[in-house]
(Lines of atoms letter the chains of each structure in order from A and count residues from 1; the text may use other names and numbers.)
(Lines give C-alpha, C1' and ligand atoms only; values in the text may rest on other atoms or scores of the structure.)
Protein backbone atom coordinates (compact mmCIF):
# COMPACT_ATOMS: atom_id res chain seq x y z
CA UNK A 1 0.00 0.00 0.00
CA UNK A 2 1.45 3.38 -0.98
CA UNK A 3 1.69 6.43 1.27
CA UNK A 4 0.20 9.35 -0.67
CA UNK A 5 -0.69 12.93 0.21
CA UNK A 6 -1.71 16.18 -1.45
CA UNK A 7 -0.21 19.31 0.07
CA UNK A 8 -1.18 22.90 -0.72
CA UNK A 9 1.42 25.67 -0.39
CA UNK A 10 0.43 29.35 -0.18
CA UNK A 11 2.46 32.51 0.31
CA UNK A 12 2.22 36.27 0.02
CA UNK A 13 -1.54 36.74 0.05
CA UNK A 14 -1.29 40.43 1.01
CA UNK A 15 -5.04 41.08 1.23
CA UNK A 16 -6.31 38.80 -1.56
CA UNK A 17 -8.96 37.41 0.76
CA UNK A 18 -11.40 36.46 -1.99
CA UNK A 19 -8.80 34.29 -3.71
CA UNK A 20 -7.78 32.70 -0.42
CA UNK A 21 -11.39 31.93 0.48
CA UNK A 22 -11.90 30.37 -2.96
CA UNK A 23 -8.88 28.14 -2.46
CA UNK A 24 -9.99 27.02 1.01
CA UNK A 25 -13.51 26.31 -0.28
CA UNK A 26 -12.56 24.52 -3.50
CA UNK A 27 -9.30 22.63 -2.98
CA UNK A 28 -8.97 19.37 -1.11
CA UNK A 29 -5.75 18.48 0.65
CA UNK A 30 -4.10 16.50 3.39
CA UNK A 31 -2.15 19.54 4.64
CA UNK A 32 -1.58 23.23 3.97
CA UNK A 33 1.67 25.15 4.35
CA UNK A 34 1.04 28.88 4.73
CA UNK A 35 4.34 30.68 4.24
CA UNK A 36 3.52 34.12 5.59
CA UNK A 37 2.73 37.67 4.52
CA UNK A 38 -0.97 37.44 5.10
CA UNK A 39 -1.59 35.75 8.45
CA UNK A 40 -4.38 38.25 9.06
CA UNK A 41 -5.97 37.10 5.80
CA UNK A 42 -5.65 33.44 6.78
CA UNK A 43 -7.21 34.05 10.18
CA UNK A 44 -10.04 36.05 8.59
CA UNK A 45 -10.72 33.40 5.92
CA UNK A 46 -10.73 30.58 8.48
CA UNK A 47 -13.04 32.48 10.85
CA UNK A 48 -15.56 33.15 8.07
CA UNK A 49 -15.89 29.44 7.16
CA UNK A 50 -18.93 27.57 8.42
CA UNK A 51 -16.82 24.47 9.03
CA UNK A 52 -13.09 24.20 9.75
CA UNK A 53 -10.74 22.93 7.06
CA UNK A 54 -10.25 19.15 7.43
CA UNK A 55 -6.45 19.21 7.39
CA UNK A 56 -3.57 20.61 9.45
CA UNK A 57 -2.21 24.06 8.62
CA UNK A 58 1.50 24.68 9.13
CA UNK A 59 2.05 28.44 9.21
CA UNK A 60 4.90 30.88 9.64
CA UNK A 61 5.10 34.66 9.86
CA UNK A 62 6.58 36.73 7.07
CA UNK A 63 8.17 40.16 7.14
CA UNK A 64 4.74 41.85 6.76
CA UNK A 65 3.06 39.88 9.56
CA UNK A 66 3.85 42.38 12.31
CA UNK A 67 2.17 41.74 15.62
CA UNK A 68 1.98 37.97 15.12
CA UNK A 69 3.84 35.62 17.42
CA UNK A 70 4.00 32.75 14.90
CA UNK A 71 7.45 31.27 14.32
CA UNK A 72 9.39 32.29 11.23
CA UNK A 73 10.30 28.72 10.33
CA UNK A 74 9.29 25.16 11.00
CA UNK A 75 10.24 21.56 10.34
CA UNK A 76 7.65 18.81 9.96
CA UNK A 77 7.61 15.28 8.56
CA UNK A 78 4.63 14.63 6.35
CA UNK A 79 3.90 11.58 4.18
CA UNK A 80 7.48 10.33 4.45
CA UNK A 81 9.08 13.68 3.52
CA UNK A 82 10.75 16.12 5.93
CA UNK A 83 9.68 19.69 5.10
CA UNK A 84 11.52 22.81 6.24
CA UNK A 85 9.26 25.83 5.77
CA UNK A 86 9.83 29.55 6.13
CA UNK A 87 8.78 32.82 4.57
CA UNK A 88 12.35 33.36 3.39
CA UNK A 89 13.06 36.97 4.29
CA UNK A 90 15.55 35.98 6.97
CA UNK A 91 17.45 33.88 4.42
CA UNK A 92 17.96 36.59 1.77
CA UNK A 93 16.09 34.48 -0.83
CA UNK A 94 15.65 37.45 -3.17
CA UNK A 95 19.40 37.32 -3.83
CA UNK A 96 20.66 33.83 -3.02
CA UNK A 97 19.50 30.41 -1.88
CA UNK A 98 22.74 29.48 -0.11
CA UNK A 99 21.58 30.32 3.45
CA UNK A 100 18.25 28.59 2.93
CA UNK A 101 19.92 25.50 1.48
CA UNK A 102 22.49 25.40 4.28
CA UNK A 103 19.85 25.63 7.02
CA UNK A 104 17.44 23.14 5.44
CA UNK A 105 20.28 20.71 4.78
CA UNK A 106 21.61 21.04 8.34
CA UNK A 107 18.16 20.10 9.64
CA UNK A 108 17.95 17.07 7.37
CA UNK A 109 15.08 18.40 5.27
CA UNK A 110 14.15 16.78 1.99
CA UNK A 111 12.25 19.89 0.80
CA UNK A 112 12.54 23.58 1.72
CA UNK A 113 9.39 25.65 1.17
CA UNK A 114 9.68 29.43 0.99
CA UNK A 115 7.94 32.55 -0.29
CA UNK A 116 8.89 36.25 -0.09
CA UNK A 117 10.06 36.69 -3.70
CA UNK A 118 6.51 36.64 -5.15
CA UNK A 119 7.81 34.37 -7.94
CA UNK A 120 7.08 30.68 -8.27
CA UNK A 121 10.21 28.58 -8.45
CA UNK A 122 11.44 24.99 -8.25
CA UNK A 123 15.09 24.11 -7.71
CA UNK A 124 15.56 20.32 -7.69
CA UNK A 125 17.80 18.93 -4.97
CA UNK A 126 21.12 17.35 -5.88
CA UNK A 127 22.86 14.75 -3.76
CA UNK A 128 21.95 15.50 -0.15
CA UNK A 129 20.78 19.06 -0.90
CA UNK A 130 17.02 19.56 -0.47
CA UNK A 131 14.63 20.60 -3.21
CA UNK A 132 13.55 24.26 -3.00
CA UNK A 133 9.93 25.14 -3.79
CA UNK A 134 8.30 28.56 -3.89
CA UNK A 135 4.54 28.63 -4.61
CA UNK A 136 4.63 32.19 -5.90
CA UNK A 137 2.36 34.95 -4.71
CA UNK A 138 -1.38 34.55 -4.39
CA UNK A 139 -1.58 38.35 -4.75
CA UNK A 140 0.69 38.95 -7.73
CA UNK A 141 0.59 35.69 -9.68
CA UNK A 142 -2.75 34.34 -8.36
CA UNK A 143 -0.79 31.09 -7.92
CA UNK A 144 -0.36 28.52 -5.25
CA UNK A 145 1.67 25.35 -5.06
CA UNK A 146 0.57 21.75 -5.01
CA UNK A 147 2.81 18.92 -3.89
CA UNK A 148 1.71 15.34 -4.55
CA UNK A 149 3.68 12.93 -2.38
CA UNK A 150 3.75 9.21 -3.18
CA UNK A 151 5.97 6.85 -1.23
CA UNK A 152 8.25 9.70 -0.16
CA UNK A 153 8.64 11.14 -3.68
CA UNK A 154 7.34 14.65 -4.43
CA UNK A 155 5.72 15.92 -7.61
CA UNK A 156 5.58 19.74 -7.63
CA UNK A 157 3.15 21.92 -9.59
CA UNK A 158 1.35 25.23 -9.53
CA UNK A 159 -2.28 26.14 -9.95
CA UNK A 160 -4.02 29.45 -10.49
CA UNK A 161 -7.06 30.77 -8.71
CA UNK A 162 -9.68 31.58 -11.38
CA UNK A 163 -10.56 35.21 -12.05
CA UNK A 164 -13.09 36.20 -9.41
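In my numbering, the protein residues as written are 10 to 173.
Beta carbons are placed, not taken as given, at the ideal position from N, Cα and C, and that holds for glycine.
Cβ distance (whole Å) where residue i is taken to contact residue j below 8 Å
{"i": "residue 77", "j": "residue 40", "result": "Not confirmed; about 20 Å, so no contact."}
{"i": "residue 82", "j": "residue 69", "result": "6 Å"}
{"i": "residue 130", "j": "residue 143", "result": "4 Å"}
{"i": "residue 118", "j": "residue 84", "result": "7 Å"}
{"i": "residue 44", "j": "residue 60", "result": "Not confirmed; about 24 Å, so no contact."}
CB contact flag (residue i, residue j, <9 Å)
{"i": "residue 158", "j": "residue 34", "result": "no"}
{"i": "residue 94", "j": "residue 74", "result": "no"}
{"i": "residue 123", "j": "residue 109", "result": "yes"}
{"i": "residue 96", "j": "residue 160", "result": "no"}
{"i": "residue 17", "j": "residue 154", "result": "yes"}
{"i": "residue 140", "j": "residue 120", "result": "yes"}
{"i": "residue 147", "j": "residue 58", "result": "no"}
Other residues of its chain near residue i: CB distance less than 8 Å, five sequence neighbours each side excluded
{"i": "residue 64", "result": "38, 39, 40, 41"}
{"i": "residue 173", "result": "27, 28, 31"}
{"i": "residue 3", "result": "Lying outside 10 to 173, the shown extent of the chain, residue 3 is not represented and no answer is given."}
{"i": "residue 72", "result": "45, 46, 96, 98, 125"}
Cβ-based burial, residue i [other Cβ within 10 Å; buried from 16]
{"i": "residue 90", "result": "buried"}
{"i": "residue 98", "result": "buried"}
{"i": "residue 171", "result": "exposed"}
{"i": "residue 149", "result": "exposed"}
{"i": "residue 22", "result": "buried"}
Cβ shell of residue i (< 6 Å), same chain only, five flanking positions each side left out
{"i": "residue 88", "result": "12, 14, 158"}
Boundaries of the beta strand (DSSP E) in which residue i is found, first to last residue
{"i": "residue 94", "result": "90 to 95"}
{"i": "residue 169", "result": "162 to 169"}
{"i": "residue 41", "result": "40 to 43"}
{"i": "residue 13", "result": "13 to 19"}
Element boundaries [alpha helix (DSSP H), containing residue i]
{"i": "residue 77", "result": "Note, residue 77: premise wrong, no alpha helix (DSSP H); not H, not E."}
Residues near residue i in its chain [Cβ-Cβ closer than 7 Å; skip 5 each side]
{"i": "residue 128", "result": "143, 145"}
{"i": "residue 102", "result": "109, 123, 125, 126"}
{"i": "residue 169", "result": "151, 152"}
{"i": "residue 162", "result": "none"}
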